[in-house]
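What follows is a short report on a single structure.
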Amino acid sequence: MINLKNRLFLLLLIMSFGMQAQIKIKRQGKEKIQALKIAYLTDKLDFTEKEAERFWPIYNKFDKKLMELRTAERYKIKKALKDAGGIEAISEDNAKMIIREMIALEKEIYHIKKAFFDSLKKVIASKKIIQLQIAEREFNRSMLRRLRKYK
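Have a look at this one:
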């Protein structure tokens with residue numbers, strides 16, 4: 000009996016280390032992508048030192064807010080679907096509610112982006128804001144291509 004308890008304890012211990020390692024790898028992956036993105040945007044936007052000094056705090060705050068919002072929304076939708084028994088079992092009323100929440104999220108994203116652009120206009124030229132949008136899309140496309148290549 001003690002031997003079984005020890006084995007179970009050891010198994011749980013090993014599994015917890017494995018999970019922690021996976022979380023650490025995932026976090027490192029996100030940090031690496033973020034570093035690549037910053038380097039890419041810096042290269043494409045060719046900031047002066049003063050522009051960069053004022054731009055990055057605004058950008059990082061916006062990016063974090065957007066990420067948190069999208070993550071929370073994904074969680075909410077997944078939970079609503081799971082609670083309903085999956086997409087096949089969801090009622091029409093619940094589906095409509097989820098759609099309303101998705102639209103509300105898009106509206107919130109719009110307002111956050113508008114405030115972000117208004118803040119950026121005080122720091123960099125409007126032309127660079129457009130370049131930023133283009134560079135972000137290019138970066139995202141290149142990341143998707145890399146991902147497809149390694150699958």
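Residue 0 is where the sequence shown starts when you use numbering that gives the first Met the number 0, and the numbers rise one by one after that. Where a beta carbon is used, it is the ideal one built from N, C-alpha and C, also for glycine.
Does the beta-carbon of residue i, which I'm using as the reference point, lie nearer than 7 Å to any heavy atom of the ligand SAM?
i: residue 96; result: For the ligand SAM, the structure offers nothing, since it holds no ligand at all.
Does residue i come out as helix, strand or coil in the three-state DSSP assignment?
i: residue 154; result: Residue 154 falls outside the range modelled here, since the chain spans only 0 to 150, and no answer is possible.
i: residue 135; result: helix
i: residue 123; result: coil
i: residue 38; result: helix
i: residue 21; result: Any answer about residue 21 is weak, because its pLDDT of 47 lies below 50 and its placement is not dependable; what the coordinates show is given next. Of the three classes helix, strand and coil, the one that applies to residue 21 here is helix, per DSSP.
i: residue 86; result: coil
Kindly indicate the opening and closing residues of the alpha helix (DSSP H) around residue i.
i: residue 111; result: 91–120
i: residue 67; result: 48–83
Measure how close the beta-carbons of residue i and residue j come, nearest whole angstrom, since I'm counting them as under 8 Å.
i: residue 57; j: residue 119; result: 6 Å
i: residue 115; j: residue 39; result: The Cβ separation is near 19 Å, so there is no contact.
i: residue 46; j: residue 54; result: 6 Å
- Report yes or no: do three or more beta-carbon pairs, one from the stretch 70–85 and one from the stretch 97–104, lie closer than 8 Å? yes
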